[in-house]
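If you're matching positions, the sequence shown starts at 2 in the numbering used here and goes up one per residue.
Glycine included, C-beta positions come from ideal geometry on N, C-alpha and C.
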Amino acid sequence: MPYSRQEYKLKAQTRVSPMFLLLREAAPKSSAPQRVLQRLKHVRGILLYGPPGTGKTLMARQIGNMLNAREPKIVNGPSILDKYVGESEANIRKLFADAEEEEKRMGPHSALHIIIFDEIDAICKTRGSVASGASVHDTVVNQLLTKLDGVDQLNNILVIGMTNRRDMIDEALLRPGRLELSLEISLPDEDGRLQILSIHTSKMAAAKKLSPDVNLKELAARTKNFSGAEIEGLCRAAAFTAMYQLVRPSGKEKIDPNAIDNLVVKRADFMYALENDIKPVCPSDPVLLDLNQLSGRLCA
2 MPYSRQEYKL
12 KAQTRVSPMF
22 LLLREAAPKS
32 SAPQRVLQRL
42 KHVRGILLYG
52 PPGTGKTLMA
62 RQIGNMLNAR
72 EPKIVNGPSI
82 LDKYVGESEA
92 NIRKLFADAE
102 EEEKRMGPHS
112 ALHIIIFDEI
122 DAICKTRGSV
132 ASGASVHDTV
142 VNQLLTKLDG
152 VDQLNNILVI
162 GMTNRRDMID
172 EALLRPGRLE
182 LSLEISLPDE
192 DGRLQILSIH
202 TSKMAAAKKL
212 SPDVNLKELA
222 ARTKNFSGAE
232 IEGLCRAAAF
242 TAMYQLVRPS
252 GKEKIDPNAI
262 DNLVVKRADF
272 MYALENDIKP
282 VCPSDPVLLD
292 LNQLSGRLCA
């Protein structure tokens, strides 16, 4: 039974139901009887696309974890490319080698193999669009197309591609039989941001380090257009701000040994982090590094 390519827009508050839509369509191999599978072609490719920091990698890993499949192979797209002629295509073939060998040996009883391509747009740009090394990109696209729906197509494979730039991907790769199932991982709405804030302040709250004046609903309203990763960074930055206030004022900065006991993250710390765009990544300063490690204990 052929599948038409479908588009799903994923919001944070509906993160579960689209996942099960994906599993229902992409993974009959993990649950359907063999007599049914022999008459059915499951979806072999999924494309997850959306802004950076919205959880595409997490989603891809969860798809792999929830299926009765081999350990997923996670590949960074640019790492496929090689300066030597033919090596880039060979790298693609190597990724499918285990699935090919197992299907030849076990036939319909082979387990599902999952290959996850991060930054798939780096290797699957529209053919003819790359001025330098165009032939390499074109042949990589051709090789991947062959593996997905060529003459010797595999029935034990699921390819998941992730990208921030869906518009750069060769359209041939998005046709039925290839990466036919597209899922947009969008920025979270206010309810979604509230859930993410709850997750990343849960350790603070459990340790009684979150001040009662912190209103997560207020923060959710103030973080419009924040990605999940940026909200996590905000929570870490607020904890960092609170910790920095406990640095002993002296000729040489040093951390109060009782700092973690005295630490309480207040609303003002979150407001300061929002206004000053404090980043969770620390410089090489050992005092700041220690502060970051301590603040990191409070963020899930």
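Open item on the list: If contact is defined by three or more beta carbon pairs under 8 Å, each pair taking one atom from either stretch, is the region 112-119 in contact with the region 155-164?
Closed with: yes
- [ ] Mark P73 as exposed unless 16 or more other C-beta atoms lie within 10 angstroms of its C-beta, in which case mark it buried.
- [x] buried
Task: Expected contact under 8 Å - CB spacing of L184 and S228 to nearest Å - done: Wrong, their Cβ atoms sit about 16 Å apart, outside the cutoff.
- [ ] Reducing DSSP to helix, strand and coil, say where N165 ends up.
- [x] coil
- [ ] Along the beta strand (DSSP E) that carries L48, what are the first and last residues, could you check?
- [x] Per DSSP, L48 is one residue of the beta strand (DSSP E) stretching across G46 to Y50.
Open item on the list: Count Cβ pairs between the region 52-69 and the region 89-102 that sit closer than 8 Å; are there 3 or more?
Closed with: no
Task: Buried versus exposed, by CB contacts within 10 Å (16 or more), M107 - done: exposed
- [ ] Give me whichever residues DSSP pairs with I76 in a beta bridge.
- [x] The identity of residue 76 in the sequence shown is Val, whereas the question assumes Ile. V76 pairs with F118.
- [ ] Measure the Cβ-Cβ separation of S89 and V141 and say whether it is below 9 Å.
- [x] yes
Open item on the list: Looking at L264: is its Cβ nearer than 9 Å to the Cβ of A240?
Closed with: Using a Cβ distance threshold of 9 Å, L264 and A240 count as a contacting pair.
- [ ] Closer than 7 Å by C-beta to D83: which residues in its own chain qualify, once you throw out the five before and the five after it? Chain order, please.
- [x] Short of 7 Å from the beta carbon of D83, and not among the five residues preceding or following it, lie these beta carbons of its own chain, in chain order: S89 and N92.
Task: From Q246, A222, N226 and H138, residue whose alpha carbon lies closest to that of V86 - done: H138
- [ ] Report the rounded CA-to-CA distance for T224 versus E181, giving the unit in angstroms.
- [x] 33 Å
Task: First and last residue of the uninterrupted alpha helix (DSSP H) at E101 - done: Under the DSSP assignment, E101 falls in the alpha helix (DSSP H) whose first and last residues are E88 to M107.
- [ ] With a 10 Å radius around its C-beta and 16 neighbouring C-beta atoms as the bar for buried, classify R94 as buried or exposed.
- [x] exposed
Open item on the list: Applying the 10 Å Cβ sphere with the 16-neighbour rule, what's the burial state of D270?
Closed with: buried
TODO: Could you tell me the distance, in whole angstroms, from the CA atom of A230 to the CA atom of K209?
DONE: Rounded to whole angstroms, A230 to K209 spans 24 Å at the Cα level.
- [ ] Look up A1 in the DSSP assignment and say whether it is helix, strand or coil.
- [x] The structure shown does not extend to residue 1, since the chain is modelled only from 2 through 301, so no value can be given for it.
Open item on the list: I need the straight-line Cα distance from N1 to I170, nearest angstrom please.
Closed with: No information on residue 1 is available, as it lies outside the stretch 2 to 301 that the chain covers here.
- [ ] Take P45 as the anchor and find which of R128, K148 and P79 has the nearest alpha-carbon.
- [x] Contrary to the premise, residue 45 reads as Arg rather than Pro in this sequence. For the residues R128, K148 and P79, the minimum Cα distance to R45 belongs to K148.
TODO: For E181, name the three-state secondary structure that DSSP assigns.
DONE: coil
Task: Contact belief for A173 with L146 at Cβ below 8 Å, rounded distance in angstroms - done: 6 Å
Open item on the list: Less than 8 Å between C-beta atoms, sequence neighbours within five positions excluded: which residues of the same chain meet that for K342?
Closed with: In the structure displayed, the chain extends from 2 to 301; residue 342 sits before or after that span and is not available.
Open item on the list: Quick check on DSSP: helix, strand or coil for V141?
Closed with: helix
Open item on the list: Can you tell me whether D119 is buried or exposed? The criterion is at least 16 other CB atoms within 10 Å of its CB, across all chains shown.
Closed with: With 16 or more other Cβ atoms within 10 Å, it is buried.
Open item on the list: Would R166 and Y273 be called neighbours here (beta carbons separated by less than 9 Å)?
Closed with: At the C-beta level, R166 and Y273 stay beyond 9 Å of one another.
Open item on the list: Checking the sheet assignment: what are the DSSP bridge partners for A70?
Closed with: L113
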